[in-house]
Amino acid sequence: MRKSFFIIIPVFLLFLCACDTNRVFEQYNDFDNSTWMRNDPVNFEFNITDAEASYNLYFNIRNTADYPFHNLYLGAEIKNNNGEILIENEALLNKPEEIMIFDRKSGIPIGESSIGDIYTLQAPFKKGFQFPDTGTYKVVITHFMREQELKGIQSTGFRVEKTK
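Numbering (mature numbering (1 follows the signal peptide of the UniProt record, and there is no 0)) for the sequence shown: -18 to -1, 1 to 146.
As structure tokens, then:
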């Protein structure tokens, strides 16, 4: 019985890990004291191995219940390994991405809670995006809230997945 238990657990864990076959990249950047400084953009690098495929790009946000606003304005820029800009930071053109963190009427967090008062939210950034070439890409994410110290944001992440 004990021997089969040690075989079943690794197989089960392997099964769980294999379920997300469309994910190409997903990573988070944690902030000290759940505070995202305005002058502290988040940088991620990821690899694209299939330039024929189209991809969905997402912002991942982990916030606390203490986040003082209903929404979060983000801007992002994606560059290829030559430094060419593929997606311009539209927030600099006064068109930031607005992500709802709490329901405006009820104040209930939109993200899912898994650990106490920490909520995780995945917000679409670009759907069906096609990278022109294979290689390494860099995304830079900046918040465009009025506060210099944006409290209540535990971490910001980015996800790239192949479309089905």
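Even glycine gets a Cβ: it sits at the ideal position worked out from N, Cα and C.
Leaving out the 5 sequence neighbours to the left and right, which residues in its chain are closer than 8 Å to residue i when beta-carbon positions are compared?
i: Pro78; result: Tyr55, Leu56, Gly57, Glu72, Phe126
i: Tyr10; result: Asn42, Arg44, Ser137, Thr138, Gly139
Compute the Euclidean distance between the alpha carbons of residue i and residue j, then round it to the nearest angstrom.
i: Gly117; j: Glu27; result: 10 Å
i: Gly110; j: Asp32; result: 14 Å
i: Thr124; j: Thr102; result: 18 Å
i: Asp115; j: Asp12; result: 30 Å
i: Trp18; j: Ile30; result: 28 Å
i: Asn15; j: Pro106; result: 26 Å
i: Ile90; j: Ser137; result: 19 Å
i: Thr145; j: Glu34; result: 11 Å
i: Gln104; j: Glu94; result: 9 Å
i: Pro23; j: Ser96; result: 26 Å
Leaving out the 5 sequence neighbours to the left and right, which residues in its chain are closer than 6 Å to residue i when beta-carbon positions are compared?
i: Lys108; result: Leu39
Would you identify the three-state DSSP class for residue i, choosing helix, strand or coil?
i: Ser137; result: strand
i: Asp32; result: coil
i: Asn45; result: strand
Residues bridged to residue i by DSSP?
i: Ser95; result: Tyr101
i: Ile83; result: For Ile83, which the question treats as bridged, DSSP gives no partner whatsoever.
Mind checking if residue i is an interface residue toward chain C, Cβ cutoff 8 Å exclusive?
i: Arg128; result: Protein chain content of the structure displayed is limited to a single chain, and chain C is not contained in it.
Contact defined as beta carbons within less than 8 Å: I believe residue i pairs with residue j. What is the distance between those atoms, to the nearest angstrom?
i: Val6; j: Val142; result: 4 Å
i: Glu59; j: Ile67; result: 6 Å
i: Gly134; j: Tyr49; result: 3 Å
i: Met82; j: Asn53; result: 5 Å
i: Asp99; j: Thr46; result: 5 Å
Is the beta carbon of residue i within less than 7 Å of some heavy atom of the ligand FMN?
i: Arg44; result: Although the ligand FMN was asked about, the structure shown includes no ligands whatsoever.
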